[in-house]
Amino acid sequence: MEINKINYEQYAMDYLEGNLKGYLLQEMEAFLKKHPNIKAELDGIELCYLEEVNIHYAGKESLLKPLATPKRFLITKQFQYFTAAASLLLVLGLGLFYIKNNPSNHLKPLAVIEPLPTIDSEIVLDPPIVISPKIIHATKTVQKSINPKEETRLKMQKALTPTESVESVKVKKHFNTKTEPILNKAIANHTLEIKQTNTSSNHKPHKHLKPQTHIRIIDSLAPLRPTVEMIEDERLISSIAMTTIPNFKKASRFNKNLVKLGILPERKSTLKKNLREALVPEVFASK
Amino acid sequence: MTRKEYNNCVQLFADRLFRFAIKKTCDEARARDIVQQSFEKLWLKHEEVNFSKAKAYLFTTAHNFFIDEYRKNKKIQHTAIVPEFQENRYDNFDLKDTLEIALKQLSDIQKTVVLLRDYEGYSYKEIAEICNLSEAQVKVYIFRARKKMQQLLISMGISRKKVVYGN
């Protein structure tokens, strides 16, 4: 590269400071020989440098940063979310713990719904009452014509399925000793009555009961005997009679006989009423 | 750069930066502001700036502040009034003061490169990086600055021998 008047300035300082070497140094020397006025300029400034000046800056302390700064715990957004969730869970947990362990804070129910006795449930009365399957059969036949209001009552009756608990056996023994002779006497009287009506051809049959009916009653009562013996409630005895004897009048007559024999107390009106209401509403409805 | 290294930068370079600023502005208050702003910027970027580059970063920042100020106040020129040459003052005239006066006659960029070269000892390449110039440009600016200073000294009657060796 040729050094000329245009570009000599960029090589001048290197030349003055002795940093120009080789080909460029020769070029520079040749250029200065050609231009002595420029060489005179360079001679005047070759060592014109500023001298060292010490100036103190008074505000250093304000620029310094303290070294022993307390460590700051960096709170990130994720940490904030985590702490919020944890605190919420803690509050909920404490609240539940407090409610659970403080009886005064228990919520009182507005209403207690007790489950209705189902068909499968077993109800043992004191003393236990055992109803014959025939009674249940009779109630089933009647069930079709029963209005919805009687549904609950029927469910209760269905629940009274035959059971043979220890208590029921004891009761059975107790009633057998008491009622068996009486019932045997009643059956014997009916049998005698039937025999009398059959043997005396002139004698008219019973105005209420035909001989065949009596036989049917006695036959039907025979398997019920153990059951009847253990039943003390008059209403249930009447119901047995009603289910066994389809005709209500005949059943009433049978009940009357039972009253005469001393098996049932003399409360016919109550008996009829109970029978109407409880067991055979269709009979009275037809009437 | 750590906090400790930053504090070291303050201890090492605050005086130098202040000298550079005050020589450039000829105004102590402005020079203080420039130093403070430069160190504030360094602290903001202290995690990114290496300690070995801190000095260059400080001077680059200061130089940029000067450029910004110059652009804002283009019409305002902070040039010192050159005292008229008086024959009777020559003998008592201090070379140091004469050079200071000559320095004030330089343009901003000439002043900057001369200050960085003479006071801080930066190479032409480093000065080029700080001032965002080419190396050749820096050399030309410095040569012209020295030539101008020399002319002033000659006009004041100070011979070459006196300039070099003082009295």
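Quick note, the sequences are listed as chains A and B, same order. Residue numbers for the first sequence, in our numbering: 3 to 289. Residue numbers for the second sequence, in our numbering: 532 to 698. Glycine included, C-beta positions come from ideal geometry on N, C-alpha and C. Just so you know, these numbers come straight off a predicted model, no measurement behind them.
With 16 other Cβ atoms within 10 Å as the buried cut-off, status of residue i
i	result
residue 87 of chain A	exposed
residue 569 of chain B	buried
residue 100 of chain A	exposed
residue 58 of chain A	exposed
residue 42 of chain A	exposed
residue 25 of chain A	exposed
residue 77 of chain A	exposed
residue 254 of chain A	buried
residue 655 of chain B	buried
residue 13 of chain A	buried
residue 566 of chain B	buried
residue 649 of chain B	buried
residue 8 of chain A	exposed
residue 130 of chain A	Confidence at residue 130 of chain A is low in this model, with a pLDDT of 48, below 50, so the placement of that residue is unreliable and no value is reported for it.
residue 256 of chain A	buried
residue 84 of chain A	exposed
residue 617 of chain B	Here residue 617 of chain B scores only 42 on pLDDT, less than 50, and its place in the model should not be relied on; the value that follows carries that caveat. Answer is exposed; the Cβ neighbour count stays below 16.
residue 55 of chain A	exposed
residue 585 of chain B	buried
residue 33 of chain A	buried
DSSP three-state assignment for residue i, whether helix, strand or coil
i	result
residue 638 of chain B	coil
residue 654 of chain B	coil
residue 10 of chain A	coil
residue 95 of chain A	helix
residue 680 of chain B	helix
residue 209 of chain A	With a pLDDT of only 46 at residue 209 of chain A, under 50, the local geometry of the prediction cannot be trusted, and the value read off the model is given with reservation. In the structure shown, residue 209 of chain A sits in coil (DSSP, three-state: anything other than H, G, I, E or B).
residue 580 of chain B	coil
residue 665 of chain B	coil
residue 67 of chain A	coil
residue 532 of chain B	coil
residue 4 of chain A	coil
residue 632 of chain B	helix
residue 604 of chain B	coil
residue 1 of chain A	The requested residue 1 of chain A does not occur in the structure, where chain A is confined to residues 3 to 289.
residue 557 of chain B	coil
residue 687 of chain B	coil
residue 589 of chain B	helix
residue 670 of chain B	helix
residue 548 of chain B	helix
residue 22 of chain A	coil
C-beta contact flag for residue i and residue j at 8 Å
i	j	result
residue 591 of chain B	residue 658 of chain B	no
residue 52 of chain A	residue 671 of chain B	no
residue 555 of chain B	residue 643 of chain B	yes
residue 678 of chain B	residue 637 of chain B	no
residue 597 of chain B	residue 639 of chain B	yes
residue 633 of chain B	residue 683 of chain B	yes
residue 549 of chain B	residue 589 of chain B	no
residue 67 of chain A	residue 534 of chain B	yes
residue 575 of chain B	residue 540 of chain B	no
residue 557 of chain B	residue 635 of chain B	yes
residue 61 of chain A	residue 561 of chain B	no
residue 47 of chain A	residue 668 of chain B	no
Minimum Cβ-Cβ distance from residue i to chain A less than 8 Å
i	result
residue 572 of chain B	no
residue 635 of chain B	no
residue 537 of chain B	yes
residue 561 of chain B	no
residue 545 of chain B	yes
residue 576 of chain B	no
residue 664 of chain B	no
residue 611 of chain B	Legend: pLDDT at residue 611 of chain B = 48, less than 50; position of this residue unreliable, value from coordinates given subsequently. It does not; no Cβ of chain A falls within 8 Å.
residue 678 of chain B	yes
residue 585 of chain B	no
residue 555 of chain B	no
residue 667 of chain B	yes
residue 627 of chain B	yes
residue 597 of chain B	no
is_contact[residue i, chain B] using C-beta, thresh 8 Å
i	result
residue 62 of chain A	yes
residue 34 of chain A	no
residue 87 of chain A	no
residue 37 of chain A	no
residue 8 of chain A	no
residue 42 of chain A	no
residue 15 of chain A	yes
residue 52 of chain A	yes
Partners in chain D for residue i, counting only beta-carbon separations shorter than 7 Å
i	result
residue 534 of chain B	Among the protein chains of the structure shown, namely A and B, there is no chain D.
Entirely enclosed alpha helix (DSSP H) segments - the stretch 26 to 64 of chain A, minimum 4 residues: Counting only unbroken stretches of 4 or more residues, the alpha helix (DSSP H) elements lying wholly within the stretch 26 to 64 of chain A are 38 to 47, in sequence order.
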